[in-house]
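For the sequence shown, position 236 matches number 844 in the working numbering, and the numbering has no gaps at all.
Don't be surprised by glycine CBs; every beta carbon is placed ideally from N, CA and C.
Here is the structure we will look at, set down as structure tokens.
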Amino acid sequence: MLVEIEATRNKGGVTLIAAPIRAAIDFALPPRCPACGAIVSDDDAFCEPCWSKLDFVVGPACASCGLPFELDRGEDALCAACLAERPPHDGVRAAVAYGPVARAVVLKLKHGGRIGMARVIGRYLARIAPAEADALLVPVPLHRWRIWRRGFNQSALLAREVARRTGQEVRHDLIERRKRTPMLGGLGRTARARTLRGAFAVPSEKRAVLKGRTVLLVDDVYTSGATAGACARVLKRAGAARVVVLCWARVLHDSVDDAAGFGDGSD
Ligand SMILES: [Zn+2]
Ligand SMILES: [Zn+2]
609 MLVEIEATRN
619 KGGVTLIAAP
629 IRAAIDFALP
639 PRCPACGAIV
649 SDDDAFCEPC
659 WSKLDFVVGP
669 ACASCGLPFE
679 LDRGEDALCA
689 ACLAERPPHD
699 GVRAAVAYGP
709 VARAVVLKLK
719 HGGRIGMARV
729 IGRYLARIAP
739 AEADALLVPV
749 PLHRWRIWRR
759 GFNQSALLAR
769 EVARRTGQEV
779 RHDLIERRKR
789 TPMLGGLGRT
799 ARARTLRGAF
809 AVPSEKRAVL
819 KGRTVLLVDD
829 VYTSGATAGA
839 CARVLKRAGA
849 ARVVVLCWAR
859 VLHDSVDDAA
869 GFGDGSD
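In structure tokens, the structure reads:
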């Protein structure tokens, strides 16, 4: 029911017949904060307290992976992880740092089936997406069993929302999930890599599409980077020139165990 109503409210074109119905729904259901549910004045807007808790990722960052730095270390500065080993992707663009408000929105989308949350997140992703008209939006794929259970791939919904705003093309067929992987939380780097080996593949007939292209790899939460890295590796091997990760929230500290159920490996 909620989903249906959200879909109805989302329709941009208001016809003569639909207008009174839309007004009635808007009257019956005032817009609510996507995180806490408090009544707000505008659709998809956060309430004041939630907004103030959102930690937008801006300012100086690692030149390779985009990890924010507290102090400006110069344009070419790398974080410790990238100094040790450069990631297979070409940077992460995250809207916000992972925290309670970011988490609440992802939870509602992913486990609460509130697909309207994709619209909220998509708005922020479209703002930080590289403005390359011919870049391809590629959602991190879910294993088909997971899609069957959940009914949708949240990353695919996010990619669709970004495409709606930027006009970039979404491609669901360029990367496949061949293996179901267990949760990666708690695993070390080597164990994560081993678990993900062979998990993703680019169908050989799709290589021509990827040749020389920029891929915007869309995910909900970027945790250790193992999943995004595994996707980036196969996309590049198949010919992609650049793979930039586009995500809603990025976990900035390893100590956030709470994030283990998201992003990497949870799918
Ligand atoms: Zn709120
Ligand atoms: Zn880095």
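Residue pairing of phenylalanine 808 in beta bridges, as defined by DSSP: Arg785. In its chain, beyond the 5 residues on either side, Gly667, Pro668, Ala669, Cys670, Ala685, Cys687 have a beta carbon closer than 8 Å to the beta carbon of phenylalanine 677. Rounded to whole angstroms, alanine 653 and cysteine 641 show a C-alpha spacing of 6 Å.
Collapsing the DSSP output to three states places leucine 792 in coil. When the Cα atoms are used, tyrosine 830 and arginine 858 turn out to be separated by approximately 5 Å. In the DSSP assignment, leucine 766 falls within the alpha helix (DSSP H) that extends over 762-774. With a threshold of 8 Å, the Cβ atom of serine 832 does not count as near ligand 2, since no heavy atom of the ligand is closer than that.
Judged by DSSP in its simplified three-state form, glutamate 678 adopts coil rather than helix or strand.
Here proline 811 is not near arginine 785, since their CB atoms are 9 Å or more apart. When the five nearest sequence neighbours on each side are left out, the beta carbons in the same chain lying within less than 8 Å of the beta carbon of aspartate 828 are those of Val714, Leu717, Lys718, Ile729, Gln762, Ser763, Leu766, Cys855, Trp856, Ala857, Phe870, Gly871, in order along the chain. In the structure shown, the three-state DSSP call for cysteine 855 is strand. In this structure, the C-beta of serine 672 approaches ligand 2 to less than 8 Å from one of its heavy atoms. The alpha-carbon of glycine 847 is positioned some 15 Å away from that of alanine 838.
Alanine 743 sits in coil when the DSSP states are folded into three classes, being neither helix nor strand.
In this structure, ligand 1 has no non-hydrogen atom nearer than 8 Å to the beta-carbon of alanine 807. Threonine 831 carries a coil assignment under DSSP once its states are collapsed to helix, strand and coil. Leaving aside the five residues that flank valine 823 on each side, the residues in its chain whose CB is nearer than 6 Å to its CB run, in chain order, Leu744, Val746, Leu843, Ala848, Val851. Around the C-beta of alanine 692, fewer than 16 other C-beta atoms lie within 10 Å, and the residue is accordingly described as exposed. Buried is the label assigned to aspartate 698, since at least 16 other Cβ atoms lie within 10 Å of its Cβ. Separation of the CB atoms of valine 700 and alanine 737 is rounded to 12 Å, and the pair is thereby denied contact status at 8 Å. With the criterion CB distance below 5 Å from any heavy atom of ligand 1, the matching residues run Cys641, Ala643, Cys644, Ala646, Cys655, Cys658 along the chain.
The Cβ atoms of alanine 705 and leucine 860 sit closer than 9 Å to each other. Setting aside the 5 residues that flank it on each side, arginine 731 is surrounded in the same chain by Asp652, Glu769, Arg773, each with a C-beta closer than 8 Å to its C-beta; the list follows chain order.
One thing to note: alanine 836 has its Cβ no nearer than 9 Å to the Cβ of valine 817. In this structure proline 695 does not touch glycine 806 by the C-beta definition: roughly 19 Å separates them, more than the 8 Å allowed. Proximity of the beta carbon of proline 696 to ligand 2 is not indicated: no heavy atom of the ligand is located closer than 8 Å. Only residues of its own chain outside the window of five on either side were considered, and among them Thr822 have a CB closer than 7 Å to the CB of glutamate 740, listed in chain order.
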